[in-house]
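To start, the structure under review is shown below, and the notes come after it.
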Amino acid sequence: MKLAENSLGFLLKDVSRLMRRAFQQQLEGSSCLTLAQARVLVHVARHEGIRQVDLAELLEIQPITLARQLDQLAQEGLVERRPAPNDRRAYLIYLTEAATPHLEAIQQVGGIVQAAALRGLDAQQAELVLMALSKIRENLSSG
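Right, dumping it as structure tokens:
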């Protein structure tokens with residue numbers, strides 16, 4: 001039995017892998033962050049004040065792995081841990097002002113990678129791709 005190479009799952013996985021590789025290559029030239037650190041910063045920016053354990057779950061990484069990444073980012077002065085007011089064992093994660101230029105670099109690299117990924121598509125086709133992927137995410141998130 002021959003499996004379809006262009007099934008939705010395989011295509012999404014391949015595109016994701018290739019975009020991640022392109023992003024990492026672009027990021028290496030414009031920032032001192034690793035791809036993993038950039039992912040953490042972006043998710044903290046989207047969910048400022050998130051509990052550390054919830055952030056690990058969102059990133060789909062082990063809490064100890066996230067703790068090491070947060071230690072590095074805190075040493076660089078990019079994030080801070082604050083005790084959760086209702087749980088002495090939990091920490092909430094916040095960005096510092098020093099994270100702003102790194103987030104701008106991440107956004108710029110993301111734009112470059114997205115433009116490369118959508119090269120050859122006109123504006124309407126590109127918008128359709130983004131709309132379809134958003135709908136797929138919505139469908140799978142709610143089910």
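Numbering of the sequence shown is given in full-length UniProt numbering, commencing with residue 1 and proceeding in unit increments. Ideal Cβ positions, reconstructed from N, Cα and C, are used throughout, including at glycine.
Residue i, buried or exposed, once every other Cβ within 10 Å from all chains shown has been counted against 16
i, result
"residue 136", "exposed"
"residue 47", "exposed"
"residue 106", "buried"
"residue 15", "exposed"
"residue 79", "buried"
"residue 124", "exposed"
"residue 113", "buried"
"residue 41", "buried"
"residue 12", "exposed"
"residue 99", "buried"
"residue 140", "exposed"
Boundaries of the alpha helix (DSSP H) in which residue i is found, first to last residue
i, result
"residue 138", "123-142"
"residue 43", "35-46"
Nearest-angstrom Cβ-Cβ length linking residue i and residue j, presumed shorter than 8 Å
i, j, result
"residue 23", "residue 8", "Not a contact, Cβ separation roughly 22 Å."
"residue 26", "residue 109", "4 Å"
"residue 43", "residue 55", "6 Å"
"residue 81", "residue 64", "Between residue 64 and residue 81 the Cβ distance is about 15 Å, and since that is not below 8 Å, they are no contact."
"residue 39", "residue 59", "6 Å"
"residue 37", "residue 72", "7 Å"
"residue 151", "residue 83", "Residue 151 lies beyond the range of the chain shown here (1 to 143); nothing can be said about it."
Backbone secondary structure at residue i - three-state DSSP
i, result
"residue 5", "coil"
"residue 119", "coil"
"residue 49", "coil"
Runs of alpha helix (DSSP H) wholly within the region 51-103 (minimum 4 residues, chain order): 52-59, 63-75
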